[in-house]
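Going down the list, the sequences are from chains Z and G.
For the first sequence, numbering that gives the first Met the number 0 assigns the number 0 to the initial residue and increments by one for each residue that follows.
For the second sequence, numbering that gives the first Met the number 0 assigns the number 0 to the initial residue and increments by one for each residue that follows.
As structure tokens, the structure follows; a few thoughts come after it.
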Amino acid sequence: MTARLQGIGAAPGVAVGRAVVWREPPLETAARPGAGPEAELARLAAAVETSREQLRDLAAGLATAAGEKEARIFRVHLLFLDDPMLMGAVKTAIEREGLSAEQAVARTTRQLVAQFRALKDGYLRERAADVQDLGQRLLANLAGEQPRSVSGILVARDLTPSEASLLAGQGALAVVTEEGGPTGHMAILARALRLPAVVGAHDALVQVRDGDLLALDGASGEVIVGPDDATVAGFRRRMEEQRVLRARLEALRDLPAVTPDGFRITLAANIATPAEVDLALEAGAEAVGVFRTEYLFVNRAEPPSEDEQYEAYRDVLSRMAPRRVIVRTMDLGGDKQAPVWDGAPEPNPALGLRGIRFALAREPLFRSQLRALIRASGAGNLAVMLPMIADLAEVRRTRRLLGAIQEELGVSVPVSLGVMVETPAAALLATELAAQTDFLSIGTNDLTQYVLAADRLNPAMAGLYDPYHPAVLRLMRAVAEAARRGSKWAGVCGEMGADPLAAPLFVGMGMAELSMVPAAIPAVKDAIRRVRRSDAEALVEETLAHPSAAEIRDCLARFARDRMSQE
Amino acid sequence: MTARTVKVLNSTGLHARPAGMFIETANRFRSAIRVTKGEREVNGQSVLGLMLLEVTPGAEITIQAEGEDEEQAVNALAELVAGGFGE
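Here is the structure:
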């Protein structure tokens, strides 16, 4: 029988394979009587030396397989191994209380773990896992156990760094954990090793039995337990497509998106989790045009802490640096429900409390996000973008909040602030919005839906819902012109930005940035490199004179066939 | 005994790497080193102890040393901390 789990994508890539369910060894030991302090201290010393050798080997092995950064965690474990607070307490317990080495290690480790777990700082609190990991290593070595290995898809509650290092072995295909986050050590390691990973897959250990067939997507976070033959074939096809795409990306990655007559556009990536930064860089993205932050808020009972958000933002900013990262503030409500904070059900969610309206209505939550962003801003090149703007007051209120937070945190560097143009109101107020912000980014999906009053999820509206509708395109051109007159930049970040057919239009309108799913970047880049700016400008005039989406599409197809150079 | 209070200026506070640098410096001296923040005091030669102090950026810590080279030890450690751990 097939079951589905939805986790958070932590390392991109798809995989199909058998599950290896990982149960963590308990930090408990059989009550073995001590053989006397002297003998126990000697056993302890031997286990410490074995551990030291293992950690040195692990650090060296990981430095080779994944880079020095991934090896660093084991250098921290080596420091712990010599720490007076750990080893001093273990030795005292053996000498003064007559405990066995196992009992002394287990008790001291438990006490330290409890102290770390009580800390407020998220990073320091996570070090509890490192202390626990080291304690388990010492206990395993006291028992003379051999290190384990894995062949298949590792499924676990969570993995300590030592357990995660098993992924570097030959047989590991992918990893799924119930806990953990996309910025944790395991996720970083999996990305460095190019192994797909899904974290936060609740109930994975309930749903998955050892040996079950799994198919998973490490970008979307989808895990299928017991997939049927067609699904397996589909995943295998995607694995092949990925391989082909990678090869194609290689060829185009380092070329700029520039027209033959020298007009340059920034091609950026839309990402939904920190894991996708790797996909973006691999595809040659020059920026992140939208970092959607909803994954931090949905599918959970409690809102994320400011620290948790800070870690996520800092992670993305630092990995993209010095490239710009536009972080879109929480775009909840509408079709993106976050169960915990929902008020009364709305009769018409698409026209209700969503985007910036939701954020401003829950100011403490919004503040935590803005504070986390400002704190993380030093790690890279941050821009903040507000979704669903329909009124200038929404921008002014956010500016005031940002100003107050910057003062609180003593940060004086101004943060670039922009808005998404998704409502007809925002498009019509583009001149005023450009005057009050640093950039305008057109969200074509919602703009189309609101301009045409056609629900894009309603199949009966499929004939009307079309971003190539002249009403939508004329507004887009007006937004680009308003930005230019205000000496600001405009871009496109909806699905239309990923369509090579539309690329000449955007060149002609003078869009500065197109942001899209990373996989679409090569095809769009290829189109831009084959269209002259002067031709594209004439194309905009010609196209927008047509009264229907169908005629516009025909016109663009003809242009692509006749007027774009074939390399 | 020599003691000095300094402000922690690096971007993370006393996380593993700066704490490791701290004990590395502390271990170069013979003096016994203690670090206090508020009412908590820990062994200045213990990475675990320093991390458990939960020192965030901007917090003040007091470094104390007792022994033959206590002045040099406190100077070296205060310099390391005040210099933002070379960030």
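Built from N, CA and C at the ideal position, the CB exists for glycine as well.
Remember, it's a predicted structure, so these values are computed and weren't measured experimentally.
Could you please tell me which residues of the region 24–36 of chain G, in chain order, have their CB closer than 7 Å to any CB of chain A? In the structure shown, chain A cannot be found, because the protein chains are Z and G.
What does the alpha-carbon distance come out to for the pair F365(Z) and A382(Z)? Taking the first residue of the first sequence as 1, we reach residue 365(Z) at position 366. Taking the first residue of the first sequence as 1, we reach residue 382(Z) at position 383. Roughly 16 Å between the two C-alpha positions.
Is the region 272–291 of chain Z in contact with the region 512–526 of chain Z, if contact means three or more CB pairs nearer than 8 Å? Contact between the region 272–291 of chain Z and the region 512–526 of chain Z is present, because at least three Cβ pairs lie under 8 Å.
Restricting to Cα atoms, I'd like to know which of L212(Z), R106(Z), Q308(Z), M508(Z) is closest to L472(Z). By one-based count along the first sequence, residue 472(Z) stands at place 473. Comparing alpha-carbon positions, the option among L212(Z), R106(Z), Q308(Z), M508(Z) lying closest to L472(Z) turns out to be M508(Z).
Sequence-distant residues of its chain with Cβ nearer than 8 Å to G261(Z) (five each side left out): In the first sequence, residue 261(Z) corresponds to position 262, counting from 1. Here the set comprises R532.
Looking at the structure shown, is I388(Z) part of a helix, part of a strand, or coil, going by DSSP? As a working mapping, residue 388(Z) is identified with position 389 in the first sequence. Coil at I388(Z), not helix or strand.
Apart from the five residues on each side of it in sequence, which residues of its chain come closer than 6 Å, Cβ to Cβ, to E40(G)? Residue 40(G) sits at position 41 when you count from the first residue of the second sequence. Within the same chain, Cβ atoms closer than 6 Å to the Cβ of E40(G) are found at R33, the five residues on either side in sequence being excluded.
Between R55(G) and chain Z, is the shortest Cβ-Cβ distance under 8 Å, so that the two count as touching? For the purposes of this step, residue 55(G) is taken as residue 56 along the second sequence, with counting starting at 1. Checking the sequence shown, residue 55(G) turns out to be Thr, not Arg. Judged by the 8 Å Cβ criterion, T55(G) is in contact with chain Z.
Suppose you measure from the CA of G82(G) to the CA of R299(Z); what does that come to, to the nearest Å? In the second sequence, the residue the question calls residue 82(G) occupies position 83. In the first sequence, the residue the question calls residue 299(Z) occupies position 300. Separation of G82(G) and R299(Z) (C-alpha to C-alpha, rounded to the nearest whole angstrom) is 41 Å.
Just how far apart, CA to CA, sit L40(Z) and R51(Z)? By one-based count along the first sequence, residue 40(Z) stands at place 41. By one-based count along the first sequence, residue 51(Z) stands at place 52. Their Cα atoms are separated by approximately 16 Å.
For A189(Z), three-class secondary structure by DSSP: Within the first sequence, the letter at position 190 stands for residue 189(Z). Here A189(Z) carries a helix assignment [DSSP, helix/strand/coil].
Please report how far the alpha carbon of L504(Z) lies from the alpha carbon of A556(Z), in whole angstroms. Numbered from its first residue, the first sequence carries residue 504(Z) at position 505. Numbered from its first residue, the first sequence carries residue 556(Z) at position 557. If you take the alpha carbons of L504(Z) and A556(Z), they lie about 12 Å apart.
How about G85(G): is its C-beta nearer than 8 Å to some C-beta of chain Z? The residue given as residue 85(G) occupies position 86 in the second sequence. Under the 8 Å criterion on CB atoms, G85(G) is classed as non-interfacial with respect to chain Z.
Does the region 21–29 of chain G come into contact with the region 549–563 of chain Z, if we say contact requires no fewer than three beta-carbon pairs (one atom in each stretch) closer than 8 Å? Under the Cβ criterion (8 Å, minimum of three pairs), the region 21–29 of chain G does not count as touching the region 549–563 of chain Z.
Going by DSSP, name the residue or residues bridged to L215(Z). The residue labelled residue 215(Z) in the question sits at position 216 within the first sequence. In DSSP, L215(Z) forms a bridge with A14(Z), V222(Z).
Find out if the Cβ-Cβ distance for the pair A360(Z), K524(Z) is shorter than 8 Å. Residue numbering aside, residue 360(Z) sits at position 361 when the first sequence is read from its first letter. Residue numbering aside, residue 524(Z) sits at position 525 when the first sequence is read from its first letter. Going by beta carbons, A360(Z) and K524(Z) fall outside the 8 Å limit.
CA-CA distance, G12(G) and L352(Z)? Within the second sequence, the letter at position 13 stands for residue 12(G). Within the first sequence, the letter at position 353 stands for residue 352(Z). Whole-angstrom Cα-Cα distance: 39 Å.
Chain G contact for K119(Z) (CB, 8 Å cutoff): As a working mapping, residue 119(Z) is identified with position 120 in the first sequence. Yes, its Cβ sits closer than 8 Å to a Cβ of chain G.
DSSP three-state assignment for L2(Z), whether helix, strand or coil: Here residue 2(Z) refers to the residue found at position 3 of the first sequence. The sequence given here has Ala at residue 2(Z), not Leu. Residue state, collapsed to three classes: strand.
Entirely within the region 134–208 of chain Z and at least 4 residues each: give me those alpha helix (DSSP H) ranges in chain order. With a minimum length of 4 residues, the continuous alpha helix (DSSP H) runs that stay inside the region 134–208 of chain Z are 160–163, 184–191, 203–206.
How is the alpha helix (DSSP H) around E310(Z) delimited, first residue to last? Counting from 1 along the first sequence, the entry for residue 310(Z) is found at position 311. Per DSSP, E310(Z) is one residue of the alpha helix (DSSP H) stretching across 305–319.
For A75(G), I'd like the list of residues in its chain whose CB is within less than 7 Å of its CB, leaving aside the five on either flank, ordered along the chain. Your numbering for residue 75(G) matches position 76 in the second sequence. T24.
In the DSSP assignment, find the unbroken alpha helix (DSSP H) run with R27(G) in it and report its ends. Position 28 of the second sequence holds residue 27(G). Looking at the DSSP string, R27(G) is not in any alpha helix (DSSP H), and its letter there is neither H nor E.
What three-state label does DSSP hand G377(Z) in the structure shown? Locating residue 377(Z) in the first sequence gives position 378, counting from the first residue. Reduced to three states, the DSSP call for G377(Z) is helix.
Looking at chain Z, is there any beta carbon in it that lies within less than 8 Å of the beta carbon of V7(G)? Position 8 of the second sequence, counting from 1, holds the residue named residue 7(G). No, no contact with chain Z.
Could you tell me whether the Cβ of R126(Z) comes closer than 8 Å to any Cβ of chain G? Residue mapping note: residue 126(Z) aligns to position 127 of the first sequence, counting from 1. Yes, R126(Z) counts as interfacial toward chain G.
Within the chosen definition, does the region 145–162 of chain Z reach the region 177–184 of chain Z through at least 3 CB pairs nearer than 8 Å? Because the criterion of three Cβ pairs below 8 Å is met, the region 145–162 of chain Z and the region 177–184 of chain Z touch.
Any idea if T542(Z) is buried or exposed, counting beta-carbon neighbours within 10 angstroms, 16 or more meaning buried? Counting from 1 along the first sequence, the entry for residue 542(Z) is found at position 543. Looking at its Cβ environment, which holds 16 or more other Cβ atoms inside 10 Å, T542(Z) is buried.
If you drop the 5 nearest sequence neighbours on each side, which residues of the same chain put their C-beta closer than 7 Å to that of E612(Z)? Because chain Z is modelled from 0 through 566, residue 612(Z) falls outside the range shown and cannot be assessed.
From this set, E94(Z), S411(Z), G288(Z), which residue's C-alpha is nearest G417(Z)'s C-alpha? Reading the first sequence from its first residue, position 418 is the one you call residue 417(Z). Of the candidates E94(Z), S411(Z), G288(Z), the one whose C-alpha sits nearest the C-alpha of G417(Z) is G288(Z).
Let's test the definition: count the other Cβ atoms within 10 Å of the Cβ of R356(Z) and tell me whether it reaches 16, buried, or not, exposed. Here residue 356(Z) refers to the residue found at position 357 when the first sequence is read from its first residue. Flag for R356(Z) reads buried.
Compare the C-beta of V46(G) against all C-beta atoms of chain Z and say whether one is closer than 8 Å. Reading the second sequence from its first residue, position 47 is the one you call residue 46(G). Under the Cβ criterion of 8 Å, V46(G) is counted among the residues facing chain Z.
Taking G19(G) as the query, report the chain Z residues whose CB atoms sit under 9 Å from its CB, ordered along the chain. Here residue 19(G) is taken as the residue at index 20 of the second sequence, counted from 1. The answer, in chain order, is R74, V75, L78.
Quick check on the DSSP output: what are the complete beta strand (DSSP E) runs of length 3 or more inside the region 436–464 of chain Z, in order along the chain? Counting whole runs of 3 or more residues, the region 436–464 of chain Z contains the beta strand (DSSP E) stretches 438–441.
Taking the alpha-carbon of Q308(Z) as reference, which of T328(Z), P321(Z), R322(Z), M319(Z) has the nearest alpha-carbon? Start at 1 with the first residue of the first sequence, and residue 308(Z) comes out as number 309. Put simply, of T328(Z), P321(Z), R322(Z), M319(Z) the residue whose alpha carbon is nearest the alpha carbon of Q308(Z) is T328(Z).
Give the C-beta separation of Q131(Z) and T107(Z) to the nearest angstrom, bearing in mind that I take them to be a contact with Cβ-Cβ under 8 Å. As a working mapping, residue 131(Z) is identified with position 132 in the first sequence. As a working mapping, residue 107(Z) is identified with position 108 in the first sequence. Contact flag wrong, Cβ pair sits at about 12 Å.
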